[in-house]
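**Q** Sharing a structure with you now.
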Amino acid sequence: MVKHTISILVVESDRYFTHGLNLGLKAYCSLHGRSLRLSERGAVPVTGVDIIFLGDSITCPPWLYDLYQQGYTPHVFFIRDQQRGEPMARPSVTNCECGAGTLYRHQPIQAIEALLDSVLFPQEGERIPAAGKCRCSSSLTFRETEVLKYLSIGMSGHDTAGLLGIKGKTVNGHKRNAMRKLCVKTNQELYRWMKLGGTSHLQCQSLI
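Heads up, our numbering is the position in the sequence shown plus 1190, with the first residue counted as 1.
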């Protein structure tokens, strides 16, 4: 990515962390002779953004798929807390097929610089994963994914329950759990996400 102006979107509820992150981003761009166009949470969705720092979520939200559908392919870095006993994501820069990486809240400014270097100054021969093909919904269980896929093709909750051999209340439970993991608050948002092709990005790692 060779650009004189870098557009970065920060979607994070912690104002103190956001302030520190913004200072780090400004210092980095100043050091490397790049102009910075910085947007924050209220600007979502932003078209034409190059890099997104996304907090409060373990998956890609519906508006990000909307950007993909419009042909925009930003690089995504997830902001998260490292749980006790949890190893840090490896490799350190990218950890999924969409090119997303992880920035832990306790990490120093050098971690931010490393993430930006990976996008702006990739090493010779290094292949940056293609953006716009996010499979970050791997936290969904096998059953949650099945429910979403059947609902996305127009099946009712009752028909989905019959096909899967489970109760209607169980279908609703799986749907609610999936919505929570996808950071989707309403059925309208969920069906919009499915209409945009969100279920095509699902990849289950659990066979629960």
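Ideal placement from N, C-alpha and C gives every residue a C-beta, glycine not left out.
So what does DSSP say about Ser1229, is it helix, strand or coil?
**A** In the sequence shown, the residue the question calls residue 1229 occupies position 39. Here Ser1229 sits in strand by DSSP.
**Q** What did DSSP end up calling Val1201 once you bin it into helix, strand or coil?
**A** Locating residue 1201 in the sequence shown gives position 11, counting from the first residue. Looking at Val1201 - three-state DSSP - the assignment turns out to be strand.
**Q** Go ahead and label Tyr1255 buried or exposed: buried means 16 or more other beta carbons lie within 10 angstroms of its beta carbon, across all protein chains shown.
**A** Within the sequence shown, numbered from 1, the residue matching residue 1255 stands at position 65. Result: buried.
**Q** Can you check whether the CB of Leu1257 is closer than 8 Å to the CB of Pro1264?
**A** Taking the sequence shown and counting its residues from 1, the one referred to as residue 1264 is at position 74. Taking the sequence shown and counting its residues from 1, the one referred to as residue 1257 is at position 67. Their beta carbons are under 8 Å apart, which means Pro1264 touches Leu1257 by this criterion.
**Q** For Leu1306 and Tyr1381, which I take to be in contact (beta-carbon distance under 8 Å), what is that distance rounded to the nearest angstrom?
**A** Taking the sequence shown and counting its residues from 1, one reaches residue 1306 at position 116. Taking the sequence shown and counting its residues from 1, one reaches residue 1381 at position 191. Actually they are not in contact, since the Cβ atoms of Leu1306 and Tyr1381 sit about 36 Å apart, beyond 8 Å.
**Q** Exposed or buried, which one is Leu1330 when buried takes at least 16 other CB atoms within 10 Å?
**A** Taking the first residue of the sequence shown as 1, we reach residue 1330 at position 140. The residue is buried, with at least 16 neighbouring Cβ atoms inside 10 Å.
**Q** State the DSSP-derived secondary structure class of Arg1270, mapped to helix, strand or coil.
**A** Stepping through the sequence shown from its first residue, residue 1270 is reached at position 80. Arg1270 falls in the strand class under three-state DSSP.
**Q** Return the Cβ separation of Ala1304 and Val1337 in integer angstroms, given the expectation that the two are a contact with Cβ distance under 8 Å.
**A** As a first step, residue 1304 is located in the sequence shown; it is residue number 114 there, counting from the start. As a first step, residue 1337 is located in the sequence shown; it is residue number 147 there, counting from the start. Contact flag wrong, Cβ pair sits at about 38 Å.
**Q** Could you tell me which residues DSSP puts in a beta bridge with Thr1195?
**A** Counting from 1 along the sequence shown, the entry for residue 1195 is found at position 5. According to DSSP, Thr1195 bridges with Ser1225.
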